[in-house]
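S.K.: After the structure tokens below, expect a handful of questions from me.
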Amino acid sequence: MSLTVRAPEGVPEIRPGDDLAAALLGALGPDDLVDGDVLVVTSKVVSKAEGRIEDGDREAWIDAETDRLVARRGPTRIVRNRLGLTMAAAGVDASNVEQGSVVLLPIDPDASARRLRAAVAERRGVNVGVVITDTAGRAWREGQTDIAIGAAGLTVLESFTGRVDAHGNELAVTAPAVADEIASAVELAQGKLGSRPCAVLRGRADLVLAPGTDGPGARALIRADGADLFGYGAREAVIQAVASRPAARAPFGSAVGADEFVAALSRAGIAAQAATPVDVRTRRERRAAADIVAFAHGWESVETGDLDTDLRFRPATP
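Taking the numbering used here, the leading residue of the sequence shown gets 1435, the next gets one more, and so forth.
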């Protein structure tokens, strides 16, 4: 198998209202797009064409695009934005745009990808997959890489579950995020400062869906709130558990089983002390600590009105 990536020169500066498909196809020769290719486009040019350029303070626009804060380190905010994407600054970008302006992510990147795919099919008569990309960091690694935030006509997640490797081992959870892998591979050819906002990847026609079938889009790659093991940063998780606001429960996930909850209390040094005679102040402190652990694990205390009784808990109502 071989892959080729071509990132053409000559795409003009995109402005609000421009025909993006025409601009991209104008930079691609007649043989640069064939059935089974994947056309990859940066979200910035999509946003510019769709008029997602706004004036004003960048921090205010980050607030507007943010669903909730995940973590903060100094001036940097990692947030879950209105699209469900977890990224720095909600994807609000102040680069490659006039000073005093910012570029917001497309309203619906999957819909943008569908429109672009349809335009390519109509004007060139070819069936391609489309990926719209943006740049994101990784929780455990330095640096950034491009990911797919929009897709159409493409298998975005290739499941290997149930397949057997060369040694006869059954694969249980292997599922390459191929749309993200394509986005990252193409970025190597585009370059951050190359003014090449689109590229064509050839060699994975097996991932391109049939004409008229757009697939689930890149949204299928977003984990539901609460399914992510890192719904809050380390410091933010402590603050949210101590504050114990009901609206902050979702990122901690669903309630754990009773055995796992008891084990968590034990690790926190609470369960082991429950039977030890202590004064009222210590009992109150123990209950407060137990409530914090309970909140983070989807449980809540049952008020008995008597500090001398054992602590009692139940799974919290979602």
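For each residue, glycine too, the CB sits at the ideal point set by N, CA and C. These numbers come from a predicted model, not from an experiment.
#1: Excluding the 5 residues flanking F1594 on each side, which residues of the same chain have their C-beta closer than 8 Å to its C-beta?
#2: So, using beta-carbon positions, are D1469 and V1634 closer together than 8 Å?
#3: By Cβ distance, which residues of its chain are closer than 6 Å to P1645, with the 5 residues on each side in sequence left out?
#4: Tell me the residue span of the alpha helix (DSSP H) that contains L1459.
#5: Consult DSSP for D1599 and reduce its assignment to one of helix, strand or coil.
#6: Which runs of the beta strand (DSSP E) at least 3 residues long sit entirely within the region 1448-1533? Give them in chain order.
#7: What is the rounded straight-line gap between the Cα of D1466 and the Cα of R1449?
#8: Smallest Cα separation from R1511: which of V1564, G1667, A1586, A1652?
#9: Give me, in chain order, the residues of the same chain whose beta-carbon lies closer than 8 Å to that of A1682; leave out the 5 immediate sequence neighbours on both sides.
#10: Where does V1620 sit, in a helix, a strand or coil, going by DSSP?
#11: With R1557 as the anchor, note down where its alpha helix (DSSP H) starts and where it stops.
#12: Just the Cα atoms here: how many angstroms apart are L1539 and A1585?
#13: Which term fits R1727, buried or exposed, when burial requires 16 or more other beta carbons within 10 angstroms of its beta carbon?
#14: Among E1719, V1480, E1443, which residue has its Cα nearest to the Cα of V1676?
#15: Tell me the DSSP bridge mates of Q1578?
#16: My assumption, with CB atoms under 8 Å, is that V1439 sits in contact with P1631. Please give the rounded CB distance.
#17: Under a three-way DSSP split, which group does E1719 fall into?
#18: Determine whether the beta carbon atoms of L1588 and A1654 lie at a separation below 8 Å.
#19: Tell whether a beta-carbon distance below 8 Å holds between V1531 and I1583.
#20: Roughly how many angstroms lie between the CA atoms of V1565 and G1703, to the nearest whole one?
#21: Fully enclosed by the region 1632-1674, which alpha helix (DSSP H) runs are 4 residues long or longer?
#22: Do P1685 and D1659 have their C-beta atoms within less than 8 Å of each other?
#23: Taking S1535 as part of the beta strand (DSSP E), name the residues at either end of that continuous run.
#24: Just reading off the alpha helix (DSSP H) that R1701 is part of, what are its end residues?
#25: Are there 16 or more other CB atoms within 10 angstroms of the CB of I1541, so buried, or fewer, so exposed?
#26: Measure the CB-CB distance between A1457 and V1445 and report whether it falls below 8 Å.
#27: Of the residues N1515, G1490, V1612, which one's Cα is nearest the Cα of D1501?
#28: With burial defined as no fewer than 16 other Cβ atoms inside 10 Å of the residue's Cβ, what is the status of G1482: buried or exposed?
M.R.: Working from what's here:
#1: Position 160 of the sequence shown, counted from the first residue, corresponds to residue 1594. Sequence-distant partners of F1594 (beyond 5 residues in either direction) whose C-beta falls short of 8 Å from its own C-beta, in its chain, are L1605, T1608, A1609, P1610.
#2: Here the question's residue 1469 lines up with position 35 in the sequence shown. Here the question's residue 1634 lines up with position 200 in the sequence shown. Going by C-beta atoms, D1469 is not nearer than 8 Å to V1634.
#3: As a working mapping, residue 1645 is identified with position 211 in the sequence shown. Around P1645: N1561.
#4: To locate residue 1459, count along the sequence shown from 1; it is residue 25. Looking at the DSSP string, the run of the alpha helix (DSSP H) that includes L1459 is 1454-1461.
#5: For the purposes of this step, residue 1599 is identified with residue 165 of the sequence shown, where counting begins at 1. DSSP, reduced to helix, strand and coil, places D1599 outside both helices and strands of the structure shown, so it counts as coil.
#6: 1472-1476, 1487-1489, 1500-1507, 1510-1515, 1520-1522
#7: Taking the first residue of the sequence shown as position 1, residue 1466 is located at position 32. Taking the first residue of the sequence shown as position 1, residue 1449 is located at position 15. The alpha-carbon atoms of D1466 and R1449 are separated by roughly 24 Å.
#8: In the sequence shown, counting from the first residue as 1, residue 1511 sits at position 77. For the set V1564, G1667, A1586, A1652, the Cα lying nearest the Cα of R1511 is the one of G1667.
#9: Counting from 1 along the sequence shown, the entry for residue 1682 is found at position 248. Result list for A1682: Q1674, in chain order.
#10: Residue numbering aside, residue 1620 sits at position 186 when the sequence shown is read from its first letter. If DSSP states are grouped into helix, strand and coil, V1620 belongs with the helices.
#11: Translated into the one-based positions of the sequence shown, residue 1557 becomes position 123. 1543-1558 is the extent of the alpha helix (DSSP H) around R1557.
#12: As a position in the sequence shown, residue 1539 is number 105, starting the count at 1. As a position in the sequence shown, residue 1585 is number 151, starting the count at 1. CA-CA distance, L1539 to A1585, rounds to 14 Å.
#13: Translated into positions along the sequence shown, residue 1727 becomes position 293. For clarity, residue 1727 is Val in the given sequence; the question names Arg instead. Burial call: buried.
#14: If you number the sequence shown from 1, residue 1676 lands on position 242. Ranking the options by Cα distance to V1676, first place goes to E1719.
#15: Indexing the sequence shown from 1 puts residue 1578 at position 144. Paired residue(s): G1571.
#16: Taking the sequence shown and counting its residues from 1, one reaches residue 1439 at position 5. Taking the sequence shown and counting its residues from 1, one reaches residue 1631 at position 197. Contact doesn't hold; Cβ gap of about 14 Å is too wide.
#17: In the sequence shown, counting from the first residue as 1, residue 1719 sits at position 285. E1719 carries a helical assignment under DSSP once its states are collapsed to helix, strand and coil.
#18: Numbered from 1 along the sequence shown, position 154 holds the residue referred to as residue 1588. Numbered from 1 along the sequence shown, position 220 holds the residue referred to as residue 1654. No, they are not a contact pair.
#19: Here the question's residue 1531 lines up with position 97 in the sequence shown. Here the question's residue 1583 lines up with position 149 in the sequence shown. No, they are not a contact pair.
#20: Looking up residue 1565 in the sequence shown gives position 131. Looking up residue 1703 in the sequence shown gives position 269. Going by the C-alpha atoms only, they are around 49 Å apart.
#21: none
#22: The count along the sequence shown starts at 1 and reaches residue 1685 at position 251. The count along the sequence shown starts at 1 and reaches residue 1659 at position 225. Taking 8 Å as the Cβ cut-off, P1685 and D1659 qualify as a contacting pair.
#23: Residue numbering aside, residue 1535 sits at position 101 when the sequence shown is read from its first letter. Segment 1535-1537, the beta strand (DSSP E) holding S1535.
#24: If you number the sequence shown from 1, residue 1701 lands on position 267. Element bounds for R1701: 1692-1701.
#25: For the purposes of this step, residue 1541 is taken as residue 107 along the sequence shown, with counting starting at 1. When all chains shown are included, I1541 counts as exposed.
#26: On the sequence shown, residue 1457 is found 23 positions in, with the first residue counted as 1. On the sequence shown, residue 1445 is found 11 positions in, with the first residue counted as 1. Yes, they are a contact pair.
#27: For this step, residue 1501 is matched to residue 67 along the sequence shown. D1501 has its Cα closest to that of N1515, out of N1515, G1490, V1612.
#28: In the sequence shown, residue 1482 corresponds to position 48, counting from 1. Position check: residue 1482 holds Lys in this sequence, whereas Gly was assumed. Answer is buried; the Cβ neighbour count reaches 16.
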